[in-house]
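Reading the sequence shown from the start, the letters are residues 811 to 1292 in my numbering.
Just so it is clear, CB atoms sit at the ideal spot from N, CA and C, and this is done for glycine as well.
These numbers were taken from a predicted model, which means no experiment stands behind them.
The structure appears right after this line, and notes come after that.
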Amino acid sequence: MSLHAWDLTLTDAETEAHVARLAARLRVATAGRPVAVLGKNSGRTLVAYAAGIQSGAPLVPVNAHLRPDEVAHMLRESAATLLLAGPELVDVARESAAGLAVEVVCWAEWDQWLAGPCEPERPGHTVAAPILFSSGTTGRPKRTLMPRSIFPRGVTLAEYRVWARTNRFVGHGPHLVAGPLYHSGPIQATALLSVGVPVHVPRRFDPDLILETIERERIATSLMVPTHFVRLLRARNDSARTVDVSSIRLITQTGAGCPEDVKRRMIDWWGPVFFETYGGTESGGVCGITSPEWLERPGSVGRALPNYRAFTVDESGVEQPAGVEGRLYFENAAGWGIEYEDAPELTAAANLRPGVFTLGEIGRVDADGFVFLTDRDSDKIVTGGVNVYPAESERVLAEHPGVADVAVIGVDHPEMGEEALALVVAADGASPTEEELVAFCRERLSAVKTPRRVRFVDTVDRSIMGKVNRRALRTKYQAVGA
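Here it is in structure tokens:
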């Protein structure tokens, strides 16, 4: 079988036929204009993605957790004229498309809709790069094309399939989709499907189900984020039996930074199978680090990938020597930069010069080329005129045994301008105090980097990829006076 999902199981031939049929219909229905897909993880969602790509119309993967007004924003920005919607999201789709020139087709209507005019695949047909939207944790999602580093440009379907065979997940065995398909990482499953790699799509990330699937189906590869690791480790601790994970050959780790103890425990459990990548929706991966390299340099996100060079600059834009912290930039040998479609000011801000771009991170590059991140420049807290980056204090507080999760944000202060506030989720059975955590942090960081206050919360607002939504947290806690 090529596709194993909770809602659909298909052989290689059946998968190819399903994708080809939908792609043929899309060629006529879209006339080359973007097609949006709003669906939770399922076999039909993956087939719709693959067909969208192979139809030659730009695919617009829509975050399944967005509100109707946010989906409408993506439809307008992408100029999509067709929205394919999963069964749980039909109402959201129709509300989003209201007032727009967008046709909505839900899964239940597929058979009838597919009976319409079609244009079968021809040798000259090309594929189009998907239109992606950044996560929006610092504002409205920004539109960008899927980066050239992870999706080819101007290629025929035959050339696309040749390119798909170069994916790092090919050649190991069955692949498991662990994250949301609409993200730039998990969407790689469309390429795997096109070259016959068995792809498994669970309905959601249930750690017990994931472990059962790995053992039963002999899963070899997956892409995961640190939140997945935490939940898997918790499930392992709660389980009465040992699960066989010996089939795993490669886990690509992406998303938010991973606490060091969590990553060490995963390596101890699954072995040195993790390849951590750092990058963004706009760029694709730009750094990578293997498990052995990470164990030698814990905290690093790796060295620049082939065709990239990593360096830092100061506030004047002057390149800094190795080891000196600054804004982190990457230079691409082919001259590729970051492009936000129809947003020249954002594109200009991201690119220092042609082929040299930043993802907004502060960090340093050591003498061997290994990159260490400090924080996002947009997350900095300016307190008393001093720039403070919350990731440093978050890393320290996360080491406290009484802390399950933490986010540090800047809130207004009448004298200092801003001050750091730590939002802490206490570990089960623990009752740390504000004084205890401030003292713990102060022993390990300078006074200016130590949060002055701690507020205990039930949960930290994170995206599905594990990134803290600081913008929402700042708005919330400013409004209640922190």
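Item checked: Enclosing alpha helix (DSSP H) for T1037 [first to last residue] -> P1036 to D1048
Notebook entry, point to check: In whole angstroms, what separates the C-alpha of H1223 from that of A1232?
Noted result: 14 Å
Item checked: Per-residue DSSP class, three states only, for L1231 -> strand
Next item on the list: Sort G896, V914 and W920 by Cα distance to A833 and report the nearest one.
Entry: W920
Next item on the list: Put L991 into one of helix, strand or coil per three-state DSSP.
Entry: coil
Notebook entry, point to check: At a Cβ threshold of 8 Å, is V1258 touching chain D?
Noted result: Within the model displayed, chain D is absent; a lone protein chain is all it includes.
Check: In whole angstroms, what separates the C-alpha of Q922 from that of R831?
Finding: 13 Å
Margin query: For R932 and S865, what's the separation of their Cα atoms in angstroms?
Written below: 11 Å
Check: From the DSSP output, which residues share a beta bridge with H883?
Finding: Per DSSP, none; premise fails for H883.
Margin query: Once DSSP output is grouped into helix, strand and coil, what is the label at S1110?
Written below: strand
Note to self: Measuring alpha carbon to alpha carbon, tell me which residue in L818, C928 and V1134 is nearest R837.
What the structure shows: C928
Item checked: Buried versus exposed call for N1047 [16 or more other C-beta atoms within 10 Å across all chains shown] -> exposed
Check: With a cut-off of 8 Å, do at least 3 Cβ pairs link the stretch 1131-1147 to the stretch 1073-1088?
Finding: no
Notebook entry, point to check: Between the stretch 956-965 and the stretch 978-990, do at least 3 Cβ pairs fall closer than 8 Å?
Noted result: no
Notebook entry, point to check: Just the Cα atoms here: how many angstroms apart are P868 and A1114?
Noted result: 29 Å
Margin query: Here's a check: name, in chain order, each residue in its chain whose Cβ is nearer than 6 Å to the Cβ of A1120, leaving out the five neighbours to either side.
Written below: A1114, F1140, V1175 and V1181
Check: So, using beta-carbon positions, are L856 and H982 closer together than 8 Å?
Finding: no
Next item on the list: Tell me where the alpha helix (DSSP H) around R854 begins and ends.
Entry: G853 to S865
Next item on the list: Pair every Cβ in the stretch 1246-1255 with every Cβ in the stretch 1271-1284, then say whether three or more of these pairs are closer than 8 Å.
Entry: no
Notebook entry, point to check: Does the Cβ-Cβ distance between V1235 and E1228 come in under 8 Å?
Noted result: no
Check: For T1064 versus G995, is the C-beta distance shorter than 8 Å?
Finding: yes
Notebook entry, point to check: For N851, does the count of other Cβ atoms within 10 angstroms reach 16, so buried, or fall short, so exposed?
Noted result: buried
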